[in-house]
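**Q** Here our numbering is used: the first residue of the sequence shown is 8, the next is one more, and so on.
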Amino acid sequence: MKIAIVTGASFGLGRSFVRRLDRLGGLDEIWGVARRRNRMEELTAELSTPLRPMELDLTRPESVEVLRKRLEETGADVRVLVNAAGFGKFGTYADMTLQETGDMIALNCRAAVALTAAVLPHMSRGGRVLEICSSAAFQPLPGFNVYAATKAFLLHYSRALRWEVAPRGIRVTAVCPGWIKTEFMEVARDTKNGRTVRHYPFALRPETVARRALRDSRVLAVTTCGLPALVQRAASKFLPHCFIMACWEGLRRL
Ligand SMILES: NC(=O)c1ccc[n+]([C@@H]2O[C@H](COP(=O)([O-])OP(=O)(O)OC[C@H]3O[C@@H](n4cnc5c(N)ncnc54)[C@H](OP(=O)(O)O)[C@@H]3O)[C@@H](O)[C@H]2O)c1
């Protein structure tokens, strides 16, 4: 049985990946992972590929075990893994609770690594892993500090993993887009000081990001899915990070 696994499938970018994978076809099932089962069930109706909703909170380590067991029981061949579950919180170190920073690290880093490790033994030649990072990964971001750091972690993890699994014919891509029009901002603003970032220039539609990411994952180790984030990536390579942080500080206060 050929399957794709998409985390964060209940909304936003993850949901767009499910729709795109369904349109591309060639899969027997898509497994969606998120906490809100009802949102995934609503999506089932519009798909031609069967969607298996898995209601799991990925900040809990035991959730990955549930998925690992299901993979062992079914013997599924995972063709595509998209790790899209993730969130950020606006605010400085003084605004964040330990719970918020801990959950960000648990979901954006630990769960992504644990899930990838659980899935890789069930992937064969031609399989693809898309780790949803962010253009926030390219440089430190004051006022969005822990989120940017979690995405830098995931970017580095993805790049090295690509080399590790290349002999097996599996491709890993770090997807690093800029702003996307999803519920992300609503979740990010819900903190003690959610106004540290006020504008989301050049925000892309999630459908566009999913389409470009799946296309680019056939070849690229890193994709930004758009020009503004590509410029940001280049700038972070060639300009001092303190200069980019100064620009960010100015822009986010506008
Ligand atoms: N939006 C942006 O501007 C932007 C830019 C660059 C990168 N990204 C990245 O893109 C990815 C998707 O974000 P999005 O924009 O689609 O945000 P979103 O609309 O808020 O969707 C987040 C998804 O993650 C799931 N999720 C959240 N916490 C979870 C948990 N504890 N366990 C399991 N699933 C959980 C949510 O489902 P439930 O609530 O049902 O669990 C939802 O399906 C994230 O990794 C984000 O960092 C976003």
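Note that beta-carbon positions come from the ideal geometry of N, C-alpha and C, so glycine has one too.
Which stretch, first to last residue, makes up the beta strand (DSSP E) that contains proline 60?
**A** By one-based count along the sequence shown, residue 60 stands at place 53. Segment 58–62, the beta strand (DSSP E) holding proline 60.
**Q** What would DSSP say about glycine 21, mapped onto helix, strand or coil?
**A** As a working note, residue 21 is residue 14 in the sequence shown. Residue state, collapsed to three classes: helix.
**Q** With DSSP as the reference, please indicate the residues paired to lysine 9 in a beta bridge.
**A** Residue mapping note: residue 9 aligns to position 2 of the sequence shown, counting from 1. Asp84, per the DSSP bridge assignment.
**Q** From which residue to which residue does the beta strand (DSSP E) around leucine 211 run?
**A** Locating residue 211 in the sequence shown gives position 204, counting from the first residue. Careful: leucine 211 lies outside any beta strand (DSSP E) and carries neither H nor E.
**Q** Considering only residues of the stretch 84–125, which uninterrupted alpha helix (DSSP H) runs meet the minimum length of 4 residues and lie entirely inside it, listed in chain order?
**A** DSSP runs (the alpha helix (DSSP H)) wholly in the stretch 84–125: 105–112.
**Q** Ignoring anything shorter than 4 residues or poking outside the stretch 145–208, list the alpha helix (DSSP H) runs there in chain order.
**A** Within the stretch 145–208, the complete alpha helix (DSSP H) runs of at least 4 residues are 152–172 and 191–196.
**Q** Hey, does arginine 169 have any beta-carbon neighbour from chain D nearer than 9 Å?
**A** No chain D is present in this structure, which holds just one protein chain.
**Q** For the beta strand (DSSP E) holding glutamate 36, just list the boundary residues, first then last.
**A** Here residue 36 corresponds to residue number 29 of the sequence shown, with the count starting at 1. Taken as a continuous stretch (DSSP letters only), the beta strand (DSSP E) holding glutamate 36 covers 36–41.
**Q** Just verifying my parser: in three-state terms, what is the DSSP assignment at arginine 259?
**A** For the purposes of this step, residue 259 is identified with residue 252 of the sequence shown, where counting begins at 1. In the structure shown, arginine 259 sits in a helix (DSSP, three-state: H, G or I).
**Q** Using the three-state DSSP reduction, which class does leucine 137 fall into: helix, strand or coil?
**A** As a working mapping, residue 137 is identified with position 130 in the sequence shown. If DSSP states are grouped into helix, strand and coil, leucine 137 belongs with the strands.
**Q** Measuring only the C-alpha atoms, how far is proline 60 from serine 165?
**A** Your numbering for residue 60 matches position 53 in the sequence shown. Your numbering for residue 165 matches position 158 in the sequence shown. C-alpha separation (whole angstroms): 26 Å.
**Q** So, using beta-carbon positions, are glycine 233 and arginine 219 closer together than 9 Å?
**A** Position 226 of the sequence shown, counted from the start, is the residue given in the question as residue 233. Position 212 of the sequence shown, counted from the start, is the residue given in the question as residue 219. A contact, by the Cβ cut-off of 9 Å.
**Q** Between which two residues does the alpha helix (DSSP H) holding proline 235 run?
**A** Along the sequence shown, read from residue 1 onward, the residue named residue 235 stands at position 228. Start and end: 234–245.
**Q** Would you grab the beta carbon distance between asparagine 115 and threonine 157 for me? Rounded to a whole angstrom, and I think it's under 8 Å.
**A** Along the sequence shown, read from residue 1 onward, the residue named residue 115 stands at position 108. Along the sequence shown, read from residue 1 onward, the residue named residue 157 stands at position 150. Asparagine 115 to threonine 157, Cβ: 4 Å. Contact.
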